[in-house]
Amino acid sequence: MSTTQSGTLTTARPSVIQLAIKEKAALYAAYIPAFSEGGIFVPSAREHRLGDDVYVLLTLLDDPQRYPVSGKVAWITPARAAGNRTQGVGIRFPKDEKSEQLKAKIELLLGSALGSDRPTQTF
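Its first residue numbered -7, the sequence shown is counted upward by one per residue in the working numbering.
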């Protein structure tokens, strides 16, 4: 929520972000398995705060379907972060059936890569 000049409280509308991940390596780098519900890193120069509502339309690899995710910002990588990490936010998936299905789909697509030691955008 934010306060207008007149002093009334307003509810901020969630950011809407479209993210198309076309390669398995990019999906590995963006996926956040450390969140129990799953999550995805979204490159963004826009200012976000932890807990902000974000609506992501996610496209995975060759799948033409767009997966809608109404999540919350749970990770922030600032500009000029250590390790040359991309500026952006980690979106935690909500605890619902569609998100559980999306998490399962991502983990199926990643397969054995999930156990890799390669760095990601978040950890």
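All residues carry an ideal CB built from backbone N, CA and C; glycine is no exception.
{"query": "By how many angstroms is the C-alpha of Arg77 removed from the C-alpha of Ile98?", "result": "22 Å"}
{"query": "Quick one: give me the first and last residue of the beta strand (DSSP E) that Tyr47 is part of.", "result": "Asp45 to Leu52"}
{"query": "So, helix, strand or coil for Ile13, using DSSP?", "result": "strand"}
{"query": "Does DSSP classify Gly30 as helix, strand or coil?", "result": "coil"}
{"query": "Taking just the CA atoms, how far does Thr69 sit from Arg130?", "result": "This structure does not reach residue 130, given that the chain is present from -7 up to 115, and the question cannot be answered."}
{"query": "Going by DSSP, what residues sit across from Arg77 in a beta bridge?", "result": "The partner list for Arg77 (beta bridge, DSSP) is empty, contrary to what the question assumes."}
{"query": "Give a yes or no on contact between the stretch 86 to 95 and the stretch 9 to 20, applying the rule of three or more CB pairs nearer than 8 Å.", "result": "no"}
{"query": "For a test of the three-state rule: what should DSSP assign to Ser7, helix, strand or coil?", "result": "strand"}
{"query": "Tell me which residue opens and which closes the beta strand (DSSP E) that Ile24 is part of.", "result": "Counting along the chain, Ile24 falls outside any beta strand (DSSP E), and DSSP gives it neither H nor E."}
{"query": "Considering only residues of the same chain and omitting the five flanking positions on each side of Pro35, which have a CB-CB separation below 6 Å?", "result": "Thr78 and Gly80"}
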